[in-house]
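Chains as they are written, first to last, in this note's numbering: chain A, -9 to 201; chain B, -9 to 201. All C-beta atoms, glycine included, are put in the ideal place defined by N, C-alpha and C.
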DNA sequence: CTGTGGTAACTTACTCGCGAGTCATATCCC
DNA sequence: GGGATATGACTCGCGAGTAAGTTACCACAG
């Protein structure tokens, strides 16, 4: 009986890309802690040592996954931030962009907000860096709104920022838990919710996302 | 050298209570996954097998901890729900009660909302039961507000409920991350934030918590 | 009031499985 | 032949769970 070892004619770069793709899904769907390297190898149809050859360690592979996911999400946040909208309109635009970006690869979200991710090492650094950038973006928006509302207390602003990020996350998470809802329908829902809570939205909000 | 075995004159019930207390802190502060039974035994100044004698398994111990914590939090939610407040006033009362209940034992919160808790078994059942009860309570409040606002869409109500729970959780979490803020100061902060976002609060909200 | 047996409280020193990480080796292509 | 691609079969540590034995307390017989 012949061994299964030996090249299969797949170049390293291609194999790395394939492993990365499989790993992103696995880490994103099951979480870092619940995913073993053997799981990923099996899902990719290769053996465990190949992953170690190419990525060094489980954490090294995770770091690359996280960087990829963070870049994807960050690109979307940045794009939204460059529209000339403010306040709730800006929020709606950002949510709408995120729904569209996540539709083909919903696991990317949980990959970035994985509570079982390691709390040190390269992947942790990548996440911290992403969170810092995201924080700045969110803090700008919230800070301005608070100033407009006449509240300049630092603690209040900090807490409001935390609440806003949490609202954003819960809307995305709710959508991820209801996969039958299209991105457009979810954006409409967000507009309705904001209208219900804050009163009718500025026309700008609807216009910004083409409603 | 003599062995260390043998009773130390501590009755089973007392020892169980002591282990439970130590375990609640450990699970609540580090999370279920990151806490080993040996850690708990060491923190309690006893040996691992004693825990197995009394609680059967790590998960069995966790189940008792979770039940204890859920009962504590639930008692507080129920108490708040029996006040004759509605809308934002009710929210403020509930937050205020939770801050006061958590002040002497802040780890109880993360014990209940631990993302690394097991996803089956007795402790999972206890958490599901708690969440179901909590869900009903929250759904009532949110549903009524949505109806008053003229929105009866089931999906909208479901999403709003998710957002409200997330807002509640993020306010508590923010407070837990700022231990220098007293419960009373945090309640004041919540009142200010709600006022900033929704306009001035009904006097009822302030009166309900004695401001 | 003093042995004495039974039981509850307690520990030391293990087993066992799982998953991260490694080593030696095999096959293929140029 | 030599380097890139690949794998089977390991080691190793950690944490859950256990078997077997040790000590202190207590009820009761003498």
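Quiz prompt | Supposed contact pair residue 108 (chain A) and residue 22 (chain A) - C-beta distance, whole angstroms, cut 8 angstroms | solution = Between residue 108 (chain A) and residue 22 (chain A) the Cβ distance is about 7 angstroms, and since that is below 8 angstroms, they are a contact.
Quiz item: Does residue 39 (chain A) have its Cβ less than 8 angstroms from a Cβ in chain B?
Solution: With 8 angstroms as the cut-off, residue 39 (chain A) does not count as an interface residue toward chain B.
Quiz item: Cβ of residue 157 (chain B) less than 8 angstroms from any chain A Cβ?
Solution: Residue-level contact check: residue 157 (chain B) touches chain A, since one or more beta carbons of chain A fall below 8 angstroms from its beta carbon.
Quiz item: Below 8 angstroms between beta carbons: does that hold for residue 97 (chain A) and residue 159 (chain A)?
Solution: Contact: no.
Exercise. Just tell me which of B:69, B:197 and B:-7 has its CA closest to the CA of residue 90 (chain B).
Key: A check of alpha carbon separations from residue 90 (chain B) across B:69, B:197 and B:-7 identifies B:69 as the nearest.
Quiz item: Would the stretch 16 to 36 of chain B and the stretch 70 to 85 of chain B be scored as touching if the rule is three or more Cβ pairs under 8 angstroms?
Solution: Because the criterion of three Cβ pairs below 8 angstroms is not met, the stretch 16 to 36 of chain B and the stretch 70 to 85 of chain B do not touch.
Quiz item: So the alpha helix (DSSP H) residue 188 (chain A) belongs to, where does it begin and stop?
Solution: The continuous alpha helix (DSSP H) containing residue 188 (chain A) extends over residues 173 to 188.
Quiz item: How is the alpha helix (DSSP H) around residue 15 (chain B) delimited, first residue to last?
Solution: Taken as a continuous stretch (DSSP letters only), the alpha helix (DSSP H) holding residue 15 (chain B) covers 2 to 20.
Exercise. Taking only beta carbons into account, state which residues of the stretch 73 to 97 of chain B come closer than 8 angstroms to chain A, listed in chain order.
Key: The residues in question: there are none.
Quiz item: If you draw a straight line from the alpha carbon of residue 12 (chain B) to that of residue 103 (chain B), how long is it in whole angstroms?
Solution: One C-alpha to the other measures close to 18 angstroms.
Quiz prompt | Cβ-based neighbour list, residue 88 (chain A), same chain, cut-off 7 angstroms, excluding 5 preceding and 5 following | solution = Excluding positions up to five away in sequence, the list reads 66 and 162.
Quiz item: Where in the stretch 94 to 128 of chain A do unbroken runs of the alpha helix (DSSP H), each at least 4 residues long, occur, reported from the N-terminal end onward?
Solution: Listed in chain order, they are 97 to 102.
Quiz item: Taking Cβ-Cβ distances below 9 angstroms as the criterion, which residues of the stretch 163 to 182 of chain B are in contact with chain A?
Solution: The residues in question are 163, 164, 165, 167, 168, 171, 175, 176, 179, 180 and 182.
Quiz item: Can you check whether the CB of residue 28 (chain A) is closer than 8 angstroms to the CB of residue 38 (chain A)?
Solution: Against a cut-off of 8 angstroms, the Cβ pair of residue 28 (chain A) and residue 38 (chain A) comes out as a contact.
Self-check item: Whole runs of the beta strand (DSSP E) within the stretch 129 to 176 of chain B, excluding any shorter than 3 residues
Solution: When DSSP assignments are scanned along the stretch 129 to 176 of chain B, no uninterrupted stretch of beta strand (DSSP E) that is 3 or more residues long falls wholly within it.
Quiz prompt | C-alpha distance - residue 200 (chain B) paired with residue 86 (chain B), whole-angstrom precision | solution = In this structure, the alpha-carbon of residue 200 (chain B) lies about 11 angstroms from that of residue 86 (chain B).
Quiz prompt | CA-to-CA distance, residue 36 (chain B) to residue 202 (chain A), given in whole angstroms | solution = One cannot answer for residue 202 (chain A) here, as it falls past the ends of chain A, which runs -9 to 201.
Self-check item: Contact set for residue 140 (chain A): own chain, Cβ-Cβ below 8 angstroms, skip 5 residues either direction
Solution: Scanning its chain for C-beta atoms nearer than 8 angstroms, with the 5 sequence neighbours on each side dropped, one finds no residue around residue 140 (chain A).
Quiz item: Buried or exposed: where does residue 188 (chain B) fall if 16 or more other Cβ atoms within 10 Å of its Cβ makes it buried?
Solution: Result: exposed.
Quiz item: Do residue 144 (chain A) and residue 49 (chain A) have their C-beta atoms within less than 8 angstroms of each other?
Solution: Note that the C-beta distance between residue 144 (chain A) and residue 49 (chain A) is not below 8 angstroms.
Quiz item: Between the C-alpha atoms of residue 17 (chain B) and residue 92 (chain B), what's the straight-line distance to the nearest angstrom?
Solution: In a straight line, the C-alpha of residue 17 (chain B) is about 16 angstroms away from that of residue 92 (chain B).
Quiz item: Can you give the Cα-Cα distance for residue 63 (chain A) and residue 101 (chain A), rounded to whole angstroms?
Solution: Taking the Cα positions, residue 63 (chain A) is about 11 angstroms away from residue 101 (chain A).
Quiz item: So what's residue 71 (chain A) in DSSP terms, helix, strand or just coil?
Solution: The three-state secondary structure of residue 71 (chain A), taken from DSSP, is helix.
Self-check item: Option in B:32, B:146, B:2 and B:71 with minimal Cα separation from residue 168 (chain A)
Solution: Of B:32, B:146, B:2 and B:71, the residue nearest in Cα terms is B:146.
Practice problem: Give the straight-line distance between the Cα atoms of residue 55 (chain A) and residue 114 (chain A), rounded to the nearest whole angstrom. | Solution: Going by C-alpha positions, residue 55 (chain A) is about 12 angstroms away from residue 114 (chain A).
Self-check item: Counted within 10 angstroms of its Cβ, other Cβ atoms place residue 60 (chain B) as buried (16 or more) or exposed
Solution: Here residue 60 (chain B) is buried: its Cβ has 16 or more other Cβ atoms, across all protein chains shown, within 10 Å.
Self-check item: Where residue 145 (chain A) meets chain B, residues with beta-carbon distance less than 8 angstroms
Solution: By Cβ distance, chain B contributes 168, 171 and 179.
Self-check item: Interface residues of chain A facing residue 141 (chain B) [CB-CB closer than 9 angstroms]
Solution: For residue 141 (chain B), the chain A residues whose Cβ falls inside 9 angstroms of its Cβ are 182, 183, 185 and 186, in order along the chain.
Quiz item: Mind checking whether residue 132 (chain B) and residue 150 (chain B) have CB atoms under 8 angstroms apart?
Solution: With a cutoff of 8 angstroms on beta-carbon distance, residue 132 (chain B) and residue 150 (chain B) are scored as near each other.
Practice problem: Name the residue from A:5, A:3 and A:74 whose alpha carbon lies nearest to the alpha carbon of residue 195 (chain A). | Solution: Residue 195 (chain A) has its Cα closest to that of A:74, out of A:5, A:3 and A:74.
Quiz item: What do you get for residue 156 (chain B), buried or exposed, if any count of 16 or more other CB atoms within 10 angstroms of its CB means buried?
Solution: Only buried fits residue 156 (chain B), as 16 or more other CB atoms lie within 10 angstroms of its CB.
Exercise. State yes or no: is the beta carbon of residue 116 (chain B) nearer than 8 angstroms to at least one beta carbon in chain A?
Key: Taking a beta-carbon distance threshold of 8 angstroms, residue 116 (chain B) does not count as an interface residue toward chain A.
Quiz prompt | Sequence-distant residues of its chain with Cβ nearer than 7 angstroms to residue 165 (chain B) (five each side left out) | solution = Result list for residue 165 (chain B): 89, 171 and 176, in chain order.
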